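Taking it in order: structure first as structure tokens, then the write-up.
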Amino acid sequence: MPELREVPDEAPPFLGTWRRVYIGVLIYLVLIITVFYLFTRAYR
Amino acid sequence: MRPLDWIVLVSTLLSIVAYGLYRSRGSNTVDRYLLAGKTMPWYAMALSIMATQASAITFISTTGQAYADGMRFVQFYFGLPLAMVVICSTVVPVFHRTKVYTAYEYLEQRFDSKTRALASLIFLCQRGLSAGMTIYAPAIVLSAILGWPERLTTSMMGAIVITYTVLGGIKAVTWSDVQQMCVIFLGLVIALVTVFVLLPSTVSFGDAVYLAGVAGRLNAVTTTFNWTDRFNIWSGLFGGTFLFLSYFGCDQSQVQRYLTGRSIAQSRLSLLFNAVAKIPMQFFILFIGAMVFVFYLFVQPPVLFQDSEVSRIQGRAEFPAIQQRYNQAFSRRREAALALVQSRRSGDGQAETASRESYRAAEAEIAATRERAARLVESAGGEKGYTDTNYIFLSFVTRYLPVGIVGLVIAVIFAATMSASSGEINSLATVTVVDLYRRFMKRGASDHHYLLASRWSTLFWGVYAVGFAGFAGRLGSLIVAVNKVGSLFYGTLLGCFVVAFVFRRVGGTAAFIGMIAGEAAILATARFMDISWLWYSPIGCAVVVLTALAVTSLTPAAPGSTPARRSEV
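In order, the protein sequence lines correspond to chains A and B.
Basically the numbering used here = 1-based index in the first sequence + 5.
Basically the numbering used here = 1-based index in the second sequence + 24.
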């Protein structure tokens, strides 16, 4: 396998861990699709 | 274009180039020239990624699409956040830790040199085709709307891009992209505000949104599944995810943006910014198109937005009847729209229902008449499957926007073209020098030698892009081609990277055979099956993975052998 060199993996500037940031992005996606869906229904 | 428009256009372009070159001082080593010495902050990378992805045709075509078909194109981007999360958690740390210049350099570390070479060649084919189209596509529209010769437009944009990309390398590209995105945002906001100002005083913001919705122009989410429908929530989430995984994980024009980050965290933030900002941005651009539609409810638009094609069909016997039918339908639609606004305000449900039906009927009549005119263009010797979607927004801009703003919007088109093109040229040069020239042709030369080779390679790809743009006019429908070209190659690259990251027992030969099978499957699908191009990437990726696994399982491993080896570069 490729040789991996040590590169520091800093914590994100918000939410503490990257895992929480990723979950936040996925929740955002669900919310934005819901908002767009409601928007579509409201003006159909 | 009046003098003030020219002043705005020229000063905007000059300031972009000057700022990019100023920020690129000291790009005097290969590392600084190609990766900015890994010093870029996340916000610069984020805007550069956004700018590279958004070509001029995105703005020209997307607004026109909303005018003609509504906002459902936004669903294409629903897969982006999913893809970004996967890339941030898997690809970004590995690329940073292996200290690669290109995504394909990693493939040699993981597999072997032939897999790296094949992936590099696939990238050069795909991006090389796109590079000419990126410059040519807006040129044909600017030529049709403003009467500028296509050659002059492509040469002008090409010369500016080549200048700052050759001289400043990736730093100049990135910082120019930052400024270009600022100009693009400013231009779009001003365009939307101007559309509202131009609406009749009796029509409020709420009325405008209501009228667009009743005409079906605010259909941001469609849940009906259809294999041939490019834009619904399912093709967006599934096909879009694969396409963006390929684009941001395997396409050097994007990978090189975030490899310039000073840390893994900075690269991740730049990608996650795009995951969050891109969907609202596309929604906003589409919304402008929907509002242009509302504007044209009260000001009669031409039957077709491309003057040269109207001239082509004006002498035909069928044209007067089409024009008359169109004029009558427009009058009916305008009256129905005004009546609809009045009845909605008065709260008269019955009148509102009647006006709505009348409004929709007139709108359907207009759409049918425009379609007849488009087919007449076809029968009069025009392009097969002709549509004027790409001419709607710029036609509106040049006819109705005030002086100065026209120059700014044209600057937006130039800026978007230049940012997309510079990213492509820069990445093509990087792959040419790092993955092919330095690896297979001239090994062990000095850093200065490779820096010079990078500059010459950048110049070559820049001149090639401009030259190919001159030839691209003979290739037919470019707008469709621009969208399809990426999908024809991405699945193969993505499949190779999936194998590299997920299936550790697969070796170089199996991955290589898998890539050839995947590319053959995509080309066969495109040739023989009638499905949306959004599905090409998942199909190609699946074939690469399954073939590589099958070859691995059929090949006995040599005692003590390991499938992966270290790069010699």
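Ideal Cβ positions, reconstructed from N, Cα and C, are used throughout, including at glycine.
The model shown is predicted, which means the values in this text are computed figures rather than measured ones.
- Using a Cβ-Cβ cut-off of 8 Å, I146/B does not count as an interface residue toward chain A, since no Cβ of chain A sits closer than that to its own.
- Taking 8 Å as the cut-off, the beta carbon of F417/B is found closer than this to the beta carbon of I84/B.
- Within chain B, the C-beta atoms nearer than 7 Å to that of T45/A come from L242, N243, A244 and V245, in chain order.
- Assignment of G468/B by DSSP, reduced to helix, strand and coil, places it in the coil class.
- Look at M25/B here: in three-state DSSP terms it is coil, with no helix or strand label.
- Among the residues facing chain A, F521/B is not included, as its CB has no counterpart in that chain under 8 Å away.
- For R49/A, the C-beta contacts it makes with chain B under 9 Å involve G237, V238, G240, L242 and N243, in order along the chain.
- Using a CB distance cut-off of 8 Å, L34/A counts as an interface residue toward chain B.
- Taking the C-beta atoms as reference points, S367/B is found nearer than 8 Å to A375/B.
- Under the Cβ distance rule, L31/A counts among the residues neighbouring chain B, one pair being separated by less than 8 Å.
- The continuous alpha helix (DSSP H) containing K302/B extends over residues I288 to F322.
- Using beta-carbon distances, F102/B counts as an interface residue toward chain A, with a partner under 8 Å.
- About 7 Å separates the beta carbon of G103/B from that of L267/B, a gap short enough to meet the 8 Å contact definition.
- In the three-state reduction of the DSSP assignment, G285/B falls in the strand class, which pools E and B.
- Out of R49/B, T189/B and Y57/B, the CA that lies nearest to the CA of S446/B is found in T189/B.
- Taking all protein chains in view, the Cβ of H120/B is crowded by 16 or more other Cβ atoms within 10 Å, so the residue is classified as buried.
- M64/B is bridged by DSSP to G285/B.
- A distance below 8 Å separates the beta carbons of A386/B and R356/B.
- V421/B and V430/B do touch by the CB rule: their CB atoms are close to 6 Å apart, below 8 Å.
- In the three-state reduction of the DSSP assignment, S137/B falls in the helix class, which pools H, G and I.
- At least 8 Å separates the CB of M539/B from every CB of chain A.
- Straight-line spacing of the CA atoms in A141/B and D459/B works out to 7 Å.
- Pairwise C-beta distances place the segment 214-228 of chain B out of contact with the segment 458-475 of chain B, as fewer than three of them are shorter than 8 Å.
- Interface annotation, I303/B: in contact with chain A, CB-CB separation under 8 Å.
- With its beta carbon at least 8 Å from every one in chain A, I434/B lies outside the interface.
- The shortest C-alpha to C-alpha distance from W258/B to any of V323/B, Q99/B, Q278/B and L283/B is the one to Q99/B.
- Contact of R384/B with chain A is not assigned, every C-beta pair being separated by 8 Å or more.
- If you check each beta-carbon in the segment 288-316 of chain B against every beta-carbon of chain A, the ones closer than 8 Å belong to I288, A289, R292, L293, L296, A299, V300, I303, P304 and F307.
- Classified as buried, I309/B has 16 or more neighbouring CB atoms from the shown chains inside 10 Å of its CB.
- Ranking F209/B, V207/B and V318/B by CA distance to the CA of G230/B puts V318/B first.
- In this model, I37/A and V334/B are separated by some 41 Å (Cα to Cα).
- Assigned with DSSP and collapsed to three states, F527/B falls in coil, not helix or strand.
- Chain-order list of chain A residues neighbouring V98/B: F41, by C-beta distance under 9 Å.
- Of all residues in the segment 111-123 of chain B, only C112, S113, P117, V118, H120, R121, T122 and K123 come within less than 9 Å of chain A when Cβ atoms are compared, listed by chain position.
- Chain order gives the chain A residues near M108/B as V30, where near means a beta carbon separation below 8 Å.
- The segment 514-532 of chain B makes contact with the segment 127-143 of chain B: 3 or more CB pairs, one atom from each, lie closer than 8 Å.
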